[in-house]
Amino acid sequence: MNGRKARQRAAEHRRKVESALKEIRAAQPRLVAQNDDVEMWHRGPAVLVVPVLRDDYPPELKAAVQTRRRASLELECPCGVEVRVTEGGQAAVRHAVDCPASDEVLSRLAAEAGQEVRRVDG
Ligand SMILES: [Zn+2]
């Protein structure tokens with residue numbers, strides 16, 4: 014692939030991502046399924062999978078899971094998440110490493126609490 018084609022492809026992908034994000038943000042999240050560990054939400058064209066908030070979590074873990082859920086559903090977080098949209102329209106957020114909702118911190122808090130928190134939304 015030459016440079017111009019690569020740039021065209023990248024620009025096209027960026028346009029698709031931007032239009033998908035616009036559609037996602039314009040829609041309201043709607044809970045479509047859940048089990049003990051995770052909930053599945055639809056928001057516009059996106060499927061969002063978030064960890065279930067359990068009553069028996071200690072406060073720090075509960076707060077982290079809450080932040081994670083809010084960020085996943087709203088695609089926003091105080092840490093300034095990076096939102097990625099795949100070719101298939103799947104949206105995922107990546108938190109700053111020191112954010113309580115990041116993979117790293119959430120895993121550590123869960124381990125300390127002897128709990129397992131399923132993180133499936135990237
Ligand atoms: Zn965050």
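Adding 13 to a residue's 1-based position in the sequence shown gives its number in this note's numbering. In this text, a Cβ means the ideal position worked out from N, Cα and C, and glycines have one as well.
For residue i, count neighbouring Cβ atoms within 10 angstroms of its own Cβ and tell me buried if that reaches 16, exposed if not.
i, result
"V110", "exposed"
"H26", "exposed"
"R81", "buried"
"S32", "exposed"
"A19", "exposed"
"P113", "buried"
"A77", "buried"
Whole angstroms are fine: how far does the CA of residue j sit from the CA of residue i?
i, j, result
"R28", "A104", "15 angstroms"
"E87", "E125", "27 angstroms"
"R17", "G127", "52 angstroms"
"R121", "Q79", "16 angstroms"
"I37", "V51", "20 angstroms"
"P91", "R22", "32 angstroms"
"V30", "A24", "10 angstroms"
Going by DSSP, what residues sit across from residue i in a beta bridge?
i, result
"G39", "According to the sequence displayed, residue 39 carries Ala and not Gly. According to DSSP, which records beta bridges pairwise, A39 is partnered with nothing at all."
"L119", "Answer by DSSP bridge pairing: none, since L119 is not bridged."
Given residue i, which residues of its chain have a CB within under 7 angstroms of its CB, disregarding the five upstream and five downstream residues?
i, result
"A123", "L74, E129 and V130"
"P71", "A126"
Once the 5 residues before and after residue i are set aside, which same chain residues still bring their CB inside 8 angstroms of it?
i, result
"Q47", "M53 and V65"
Taking the alpha-carbon of residue i as reference, which of the options has the nearest alpha-carbon?
i, options, result
"G57", "R22, E125, K35 and P72", "K35"
"R67", "L61, E87, A59 and D49", "D49"
"V45", "D116, V118, L61 and S85", "L61"
"V106", "R97, N15, Q41 and C112", "R97"
"G93", "Y70, H108, S85 and R83", "H108"
Cβ-heavy atom distance between residue i and ligand 3 below 7 angstroms?
i, result
"S115", "Ligand 3 is not among the ligands present in this structure, which contains only ligand 1."
Spell out whether any CB of chain B is found under 8 angstroms from the CB atom of residue i.
i, result
"E125", "In the structure shown, chain B does not exist; there is a single protein chain."
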